[in-house]
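Student:
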Amino acid sequence: MSVDEKTVRRIAHLARIAVTDEEVPHLQGELNAILAFVEQLNEVNVEGVEPMTSVTPMVMKKRQDGVTDGGYPQKIVQNAPATEDNFFLVPKVVE
Numbered sequence: 446m447s448v449d450e451k452t453v454r455r456i457a458h459l460a461r462i463a464v465t466d467e468e469v470p471h472l473q474g475e476l477n478a479i480l481a482f483v484e485q486l487n488e489v490n491v492e493g494v495e496p497m498t499s500v501t502p503m504v505m506k507k508r509q510d511g512v513t514d515g516g517y518p519q520k521i522v523q524n525a526p527a528t529e530d531n532f533f534l535v536p537k538v539v540e
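In the numbering used here, the protein residues as written are 446 to 540.
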């Protein structure tokens, strides 16, 4: 697959990048090199290769997922400007 000047200009327009006439041939070569590399990757035999999420084996840190009520509602609302029965009071925003 090869990119022509018209395609370079279209890609630049879609990316909202200002490209001068002098830059088009250079960008055309860059895009063609990228596409050539992608085509080269398509030739690699990956049959039997497990997909990876990282290049290094990592184990996610996990914690017990326990539901608690907090146990200290007075501390939570103590700095609120207005509260009632351990709930935050907020001004009405919709009539």
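Using N, Cα and C, we set each Cβ at its ideal position, and we do this for glycine too.
#1: For T452, which three-state DSSP category applies?
#2: Is the separation between the beta-carbon of L476 and that of V500 shorter than 8 angstroms?
#3: For E484, does the three-state DSSP call read helix, strand or coil?
#4: So what's E475 in DSSP terms, helix, strand or just coil?
#5: Going by other Cβ atoms of all chains shown within 10 Å of its Cβ, with 16 needed for buried, is V453 buried or exposed?
#6: Among the candidates N487, R508, K520, whose CA atom is the shortest distance from the CA of F532?
#7: Secondary structure at E529, three-state DSSP: helix, strand or coil?
#8: Just the Cα atoms here: how many angstroms apart are D466 and M505?
Tutor: Reading it off the structure:
#1: As a position in the sequence shown, residue 452 is number 7, starting the count at 1. Collapsing the DSSP output to three states places T452 in a helix.
#2: Stepping through the sequence shown from its first residue, residue 476 is reached at position 31. Stepping through the sequence shown from its first residue, residue 500 is reached at position 55. Going by C-beta atoms, L476 is not nearer than 8 angstroms to V500.
#3: Locating residue 484 in the sequence shown gives position 39, counting from the first residue. Reduced to three states, the DSSP call for E484 is helix.
#4: Within the sequence shown, residue 475 is the residue found at index 30, counting from 1. Helix.
#5: For the purposes of this step, residue 453 is identified with residue 8 of the sequence shown, where counting begins at 1. Buried is the call here.
#6: Within the sequence shown, numbered from 1, the residue matching residue 532 stands at position 87. If we check each option's Cα against that of F532, K520 comes out closest.
#7: By 1-based counting over the sequence shown, the position of residue 529 is 84. Reduced to three states, the DSSP call for E529 is strand.
#8: Locating residue 466 in the sequence shown gives position 21, where the first residue counts as 1. Locating residue 505 in the sequence shown gives position 60, where the first residue counts as 1. Whole-angstrom Cα-Cα distance: 50 angstroms.
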